[in-house]
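Here is the structure we will look at.
In the numbering used here, the protein residues as written are 784 to 961.
Structure follows, in C-alpha cells:
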C-alpha cells in the first residue's frame, strides 16, 4: 500500500494516509472547498485516479472514491480486454474544483468530481502526455507531450519532438448543472 503525507503550512494540518490505489503513484494535487484545502486527488499507472478528502472522520464517505480513466476498449464490447494506460498527471481547476487528468494514451480528460462525470475528452496526440497544470485564474490549461518510458527504451524515438500545449479553457471545466 502507498501512503500520502499531506502538510499545509497555513493551517498546520499534517496527515499520513494510505492512498486508495494499488500501483505506482504518478501525481498528487490538492483541491479546495470554500477556499480551504479539503482533500487531494492522486493518480497511478493502473489507469485509475482517486479522490480523497482530508477529513477521514466519516468512514465510507461518498467523497472518497476511485475512478477508471485513460483506458481504451472496443466500443460497446466489454468482453474484449481494455488497453490500460498510466495516468501521469492530475490537477484541479482553481475556480470550479473540477479536474484534469493526462495519460500515456496521449489524451487529456476533464472531470467533475462532485457529479462523478467526464466533462470532456481530447483527441489522441502522437505521444504521451506527461504533465499538466492550470494557471491561477483557471483560464489556461497547459500540458506537455513527450515520451514517458511506459513502454521501455525500445519504443523511445529520439527524433520525436517534445511539445508544450497551452489552451484557453474558459467554460470547459464548469461543473454541470444538477
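Just so you know, even glycine gets a beta-carbon here, dropped at the ideal spot from N, CA and C. Everything numeric in this text was worked out from a predicted model, so none of it was measured.
By the neighbour-count criterion, in which 16 or more other beta carbons inside 10 Å mark a residue as buried, residue 949 falls on the exposed side. The alpha-carbon separation between residue 806 and residue 941 amounts to approximately 28 Å. With a minimum length of 3 residues, the unbroken runs of beta strand (DSSP E) contained wholly in the region 853-935 fall at 870-875, 882-886, 891-895, 900-904, 912-917, 923-928.
For residue 895, same chain residues with a beta-carbon under 7 Å away, outside a window of 5 residues either side, are 881, 902, 958, 959 in chain order.
Residue 855 has its alpha-carbon roughly 12 Å from the corresponding atom of residue 889. In the DSSP secondary-structure assignment, residue 822 is bridged to 814, 836. Across the structure, residue 849 and residue 810 are spaced so that their CA atoms are roughly 14 Å apart. In the DSSP assignment, residue 946 falls within the unbroken beta strand (DSSP E) covering 946-951.
At the C-beta level, residue 870 and residue 831 come within 8 Å of one another.
Assigned with DSSP and collapsed to three states, residue 801 falls in strand.
A residue is called buried once 16 or more other Cβ atoms fall within 10 Å of its Cβ, and residue 829 is buried on that count.
Per DSSP, residue 848 is one residue of the beta strand (DSSP E) stretching across 848-851.
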